[in-house]
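Q: Residue numbers (full-length UniProt numbering): 1 to 405.
Ideal Cβ positions, reconstructed from N, Cα and C, are used throughout, including at glycine.
These numbers were taken from a predicted model, which means no experiment stands behind them.
Structure provided below as structure tokens; questions to follow.
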Amino acid sequence: MDGISSLALSAFETVQTFKDPASGYRYDAVEVTVFPEDAKVESGATMDRPSEVTQHQLPESRLLPWFQDAHYTTASPTPEATFRAIRMDRNLDVSLNISKACFVQLFDAMRADPAVKYMICHDYDGFHEFSDKGYLTTRFIGTPIYAILWTYLILQWSDRETSDFELGVVRHVETRTGFGPQPSGMRGLSAAGMEGKFNINVLTSWSQAVNEVSGNIGNKIRHQKISGTVLGMITEASKLRHNEGVPDGMVEKHRHSLEELARAVPSLERHLNTYLDYLAYLKDRAERLSAVLFALLTHEDAGASINIATASKRDSSSMKTVAVMTMAFLPATFFAALFAVPSLRWDQARVMQDNFWVYWAFTLPATAIVFLVWYLITQQNWILGFIRKMVKEIPWLPEGSAPRK
1 MDGISSLALS
11 AFETVQTFKD
21 PASGYRYDAV
31 EVTVFPEDAK
41 VESGATMDRP
51 SEVTQHQLPE
61 SRLLPWFQDA
71 HYTTASPTPE
81 ATFRAIRMDR
91 NLDVSLNISK
101 ACFVQLFDAM
111 RADPAVKYMI
121 CHDYDGFHEF
131 SDKGYLTTRF
141 IGTPIYAILW
151 TYLILQWSDR
161 ETSDFELGVV
171 RHVETRTGFG
181 PQPSGMRGLS
191 AAGMEGKFNI
201 NVLTSWSQAV
211 NEVSGNIGNK
221 IRHQKISGTV
231 LGMITEASKL
241 RHNEGVPDGM
251 VEKHRHSLEE
261 LARAVPSLER
271 HLNTYLDYLA
281 YLKDRAERLS
291 AVLFALLTHE
301 DAGASINIAT
311 ASKRDSSSMK
321 TVAVMTMAFL
331 PATFFAALFA
341 VPSLRWDQAR
351 VMQDNFWVYW
361 AFTLPATAIV
371 FLVWYLITQQ
381 NWILGFIRKM
391 VKEIPWLPEG
401 SAPRK
């Protein structure tokens, strides 16, 4: 284990970065103190609350003294157990918003196994446990969102966010679209509950929310599997009577605590399995709803394309009308302009004068030039491709060589 700890320390020193907190920055800290059930205060009366929860906001200079000092007075009974936790912000680059010196001091005060530093600096996922000699049993839980490091005490938490956000989003979209497990869905060939035509922006927003729900549920499933690993370790420790690192005077109490925790494991496992099944069902609903939203988006996109085609058709009809009207008036306009040419003298016996050829000498070449320019503009891609093809087929001679005779 010494070699693993040395490698972890080396990696931590090389990879992990820290950012000194800004002036006036405060860290969230919480302390939970549990007193014996028969605890009495100095006056001899039994305590009203066997436990106390205190929240603090501390500057960096106060973190270590707060973590190490006892916060109960002589007038209070000696606590049975104390839990202290400090929250540190972790950035996307895995840097910690705390000075390196303060972090190392807190880490040493926890008597945590140095091997866990490798997990911290490499942003490891999952549940990991370290129990090297000379240190308290160290446990680490890593997720893409947060990481938890603690020694000795078991961490418990509950998840109430699923029903508040994920389920709420899925039910909202199912109700608005009419596609869901409720009996108000498809009846016969008519869809009940649908609001008719949807806005593409609304469908896009719903699709983003449903995909976010699907990702969150997948992450929660991973968390539940980590919880299952913790429960398995509790059961194994209870069976093996794991007492490593426990003071001699606390062995019996430690064994009793493990047995009490082990008794709760079967019930927790049943709740865990039920919750996993529920998450899998909710994720399936979210994925199916995502497919429905994609179909609706495709439908709305097709409708938008049809509207564009209809508008283009109307524009095309307008252009055809303009072209037909132009064609109708073009002959009359041509002859009116032709008869107004000064080279034609309608008041004389000889109508066509000698210089009438000048009109055609300018008109015909100009007309040809106009059609040529129009052709070059409309067919420029084909012309450029033809030129490139001809250039490639020309047998170019190397520099300095003479042509064959």
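Throw me the rounded Cβ distance for the Gln55 and Val30 pair, which I believe falls under 8 Å.
A: Between Val30 and Gln55 the Cβ distance is about 5 Å, and since that is below 8 Å, they are a contact.
Q: Report yes if the CB atom of Phe12 is closer than 7 Å to the CB atom of Leu96, and no otherwise.
A: No, these two residues do not count as a Cβ contact at 7 Å.
Q: Tell me, which residues are paired with Met352 by DSSP?
A: Per DSSP, Leu344.
Q: Would Leu330 be called buried (16 or more neighbouring beta carbons within 10 Å of its own) or exposed?
A: Label assigned to Leu330: exposed.
Q: Since Val116 is in the beta strand (DSSP E), which residue starts that stretch and which ends it?
A: Taken as a continuous stretch (DSSP letters only), Val116 belongs to no beta strand (DSSP E), as it is neither H nor E.
Q: Between Leu258 and Ala280, is the Cβ-Cβ spacing less than 7 Å?
A: No; because the gap between Cβ atoms is not below 7 Å, this pair is not in contact.
Q: Taking the alpha helix (DSSP H) that Gly215 falls in, what are its first and last residues?
A: Taken as a continuous stretch (DSSP letters only), the alpha helix (DSSP H) holding Gly215 covers Ile200 to Leu240.
Q: How is the alpha helix (DSSP H) around His128 delimited, first residue to last?
A: From DSSP, His128 is part of no alpha helix (DSSP H) but of the beta strand (DSSP E) over Gly126 to Phe130.
Q: With distances taken Cα to Cα, identify the nearest neighbour of Val32 among Thr14, Ser51, Tyr25 and Tyr146.
A: Checking every option, the nearest Cα to that of Val32 belongs to Ser51.
Q: Can you grab the Cα-Cα spacing for the pair Asp69 / Gly168, in whole Å?
A: Each residue's Cα considered, the two are about 44 Å apart.
Q: Looking at Leu297: is its Cβ nearer than 7 Å to the Cβ of Glu269?
A: No, the pair does not count as a contact, with Cβ atoms beyond the cut-off.
Q: Taking the C-alpha atoms as reference points, what is the distance between Leu364 and Asp301?
A: For Leu364 and Asp301, the distance between alpha carbons rounds to 50 Å.
Q: Spatial neighbours of Glu166 within its chain, please: CB distance less than 7 Å, with the 5 preceding and 5 following residues excluded, ordered by chain position.
A: Result list for Glu166: Val213, Asn216, Ile217 and Leu282, in chain order.
Q: Return the Cβ separation of Ile234 and Leu261 in integer angstroms, given the expectation that the two are a contact with Cβ distance under 8 Å.
A: Right, their Cβ atoms sit about 5 Å apart.
Q: Please report the straight-line C-alpha distance between Ser158 and Arg171, rounded to a whole angstrom.
A: Unreliable positioning characterises Ser158 in this predicted model, as indicated by a pLDDT of 37, which lies under 50. The coordinate reading is nonetheless provided below. Cα to Cα, the separation comes out at about 22 Å.
Q: Along the chain, where does the beta strand (DSSP E) containing Phe179 start, and where does it finish?
A: Phe179 -> no beta strand (DSSP E), and no H or E assigned at all.
Q: Here's the rule I'm using: 16 or more other beta-carbon atoms within 10 Å means buried, otherwise exposed. How should Gly142 be labelled?
A: Gly142 is buried by the Cβ-count criterion.
Q: If we call anything under 7 Å between Cβ atoms a contact, is Val373 one with Ser290?
A: Against a cut-off of 7 Å, the Cβ pair of Ser290 and Val373 comes out as no contact.
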